[in-house]
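Asker: Below is the structure I would like to discuss, written out as structure tokens.
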Amino acid sequence: MATAQELSNFLAEVERRAYRQTAYAVRDEHAALDIVQDAMLKLAEKYGARPAAEFPMLFQRILQNTMRDFWRRQKVRNLWTSLLSSFGGHSAEDDDEHDPLDTMETGQRSEDEPEAQLERSQTIAIIERAIEKLPARQREAFLMRYWEDMDVAETAAAMGCSEGSVKTHCSRAVHALAATLQNYGFNQQGLKKPGAGS
Amino acid sequence: MNQQESTVKLVVQALDASVEDLDDEVIRRLATAREHAVSAMQPQWQAAGHAGVFRNLGNYVVHHRMMTSAALLLGALVFGFIVTQHVIGQHQLEQGDAFLLGSELPPEAYLDKGFDTWLQQNAR
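Chains as they are written, first to last, in the working numbering: chain A, 1 to 198; chain B, 1001 to 1124.
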């Protein structure tokens, strides 16, 4: 049985990655915070007495389900938004269509920042964008398997699919990421030059 | 290291770096959410305090509802069987007492193992 301290330690360890993971999926930082908060609460309330070793898989499953609940609500809301936007005015979708890569070269920070820091932030932005563009299931599998360091069985349990599906999703995600990164000038040694490709 | 492995490594490194760059406000809100979640755990799982046996029993009941229900049902069946047997036994005892009291023979006659033989021989 896990103690409150074990739960707290676990959440402290995963909360930032969970937030990033959710933000990639829902593309809304405020919603991502709410979703992570909900997932933490559900884990504590419903599975707080489970052994701490089960927390990673349980938390990921709760997180994925909470994201799906968000998308369902979002779908209904988008329907009304699109209906109302037909009357004119600013649409929330305008913001969603903004692609950071379009302004990557011109949208630089202040010139006094070190070039290395800028390059690093550009690299992160490119990779984050590539992650965001992955199909949802591929992104889930990739992040759980490689970022959360869960094994195939745990990932399959958290995603509610077979281990074979997890391997397929991961493989496709890696291929898609490799292709995207190559377009931006990455090679096996890392970054050549951001934006060097298409 | 092949291309897939290097891609994974590169992406994971970038993701780790992105976590380091999180906004202070986001970090603060995550910490608040964590504290809120942990405190929500307290009443349900920790309130039993040091009454470890009862806490563990409570946790077991909550997480093994099917097994607990089956155990309760089985217990109820066993209890019902015992009560039924007890009632039937009591009734049979009362009938036996009534038979002995209403019989023409004294109770000692039924305890004498040779009485039946003696009765049959005398009947002839």
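Note that beta-carbon positions come from the ideal geometry of N, C-alpha and C, so glycine has one too.
Compare the C-alpha of Glu-45/A against each of Arg-172/A, Ala-125/A, Ala-178/A and Thr-3/A and name the closest.
Answerer: Considering only alpha carbons, the answer is Thr-3/A.
Asker: Would you tell me roughly how many angstroms separate the C-alpha atoms of Arg-16/A and Val-1078/B, rounded to the nearest one?
Answerer: If you take the alpha carbons of Arg-16/A and Val-1078/B, they lie about 53 Å apart.
Asker: Compare the beta carbon distance of Ala-32/A and Tyr-19/A with 8 Å and say whether it is the shorter of the two.
Answerer: Yes; because the gap between Cβ atoms is below 8 Å, this pair is in contact.
Asker: Looking at Val-1012/B: is its Cβ nearer than 8 Å to the Cβ of Tyr-24/A?
Answerer: No, they are not a contact pair.
Asker: Name the chain C residues whose beta carbon is nearer than 7 Å to that of Arg-1029/B?
Answerer: Absent here is chain C; the protein component of the structure consists of chains A and B.
Asker: Using 8 Å as the Cβ pair cut-off and three pairs as the minimum, do the region 114-129 of chain A and the region 159-168 of chain A touch?
Answerer: Touching, no, given that fewer than three Cβ pairs across the two stretches are closer than 8 Å.
Asker: Check whether chain B comes within 8 Å of Gln-37/A, counting only Cβ atoms and requiring the distance to be less than that.
Answerer: Interface residue, yes.
Asker: Just the chain A side, please: which residues come within less than 9 Å of Arg-1140/B by C-beta, in chain order?
Answerer: Absent from the structure is residue 1140/B, since the part of chain B shown begins at 1001 and ends at 1124.
Asker: Provide the residue span of the alpha helix (DSSP H) that contains Tyr-146/A, from first to last.
Answerer: First-last for Tyr-146/A: undefined, no H or E at that position.
Asker: Could you tell me the alpha carbon to alpha carbon distance between His-1036/B and Gln-37/A, rounded to whole angstroms?
Answerer: Taking the straight line joining both Cα atoms gives about 9 Å.
Asker: Would you call the CB atoms of Gln-199/A and Ala-173/A closer than 8 Å?
Answerer: Examination of residue 199/A is not possible in this model, given that chain A is present from 1 through 198 alone.
Asker: Measure the C-alpha to C-alpha separation of Glu-54/A and His-1091/B and round it to an integer number of angstroms.
Answerer: Each residue's alpha carbon lies about 56 Å from the other.
Asker: Can Arg-1034/B and Ala-12/A be called in contact, C-beta distance under 8 Å?
Answerer: Their beta carbons are under 8 Å apart, which means Arg-1034/B touches Ala-12/A by this criterion.
Asker: Tell me which residues share the same chain as Gly-1080/B and place their Cβ nearer than 7 Å to its Cβ, disregarding the 5 neighbours each side in the sequence.
Answerer: Same-chain partners within the cutoff: there are none.
Asker: Excluding the 5 residues flanking Gln-1121/B on each side, which residues of the same chain have their C-beta closer than 8 Å to its C-beta?
Answerer: So the list is empty, once near-sequence residues are dropped.
Asker: Thinking C-alpha only, which one of Leu-1010/B, Asn-1002/B, Gln-1003/B and Gln-1004/B is nearest Ile-124/A?
Answerer: Minimum Cα distance to Ile-124/A is reached at Leu-1010/B.
Asker: Which two residues bound the contiguous alpha helix (DSSP H) that contains Arg-17/A?
Answerer: First-last of the alpha helix (DSSP H) with Arg-17/A: 4-26.
Asker: Do Pro-51/A and Met-1/A have their CB atoms nearer than 8 Å?
Answerer: Taking 8 Å as the Cβ cut-off, Pro-51/A and Met-1/A qualify as a contacting pair.
Asker: So, does the CB of Val-1026/B fall closer than 8 Å to a CB anywhere in chain A?
Answerer: Closer than 8 Å to some Cβ of chain A, the Cβ of Val-1026/B qualifies, so yes.
Asker: Please name the residue, chosen from Val-14/A, Gly-185/A, Leu-134/A and Trp-71/A, that lies closest to His-175/A on a Cα-to-Cα basis.
Answerer: With distances taken between Cα atoms, His-175/A lies closest to Leu-134/A.
Asker: Run down chain A in chain order and give the residues with a C-beta less than 7 Å from the C-beta of Thr-1007/B.
Answerer: In chain order: Val-174, Leu-177, Ala-178 and Leu-181.
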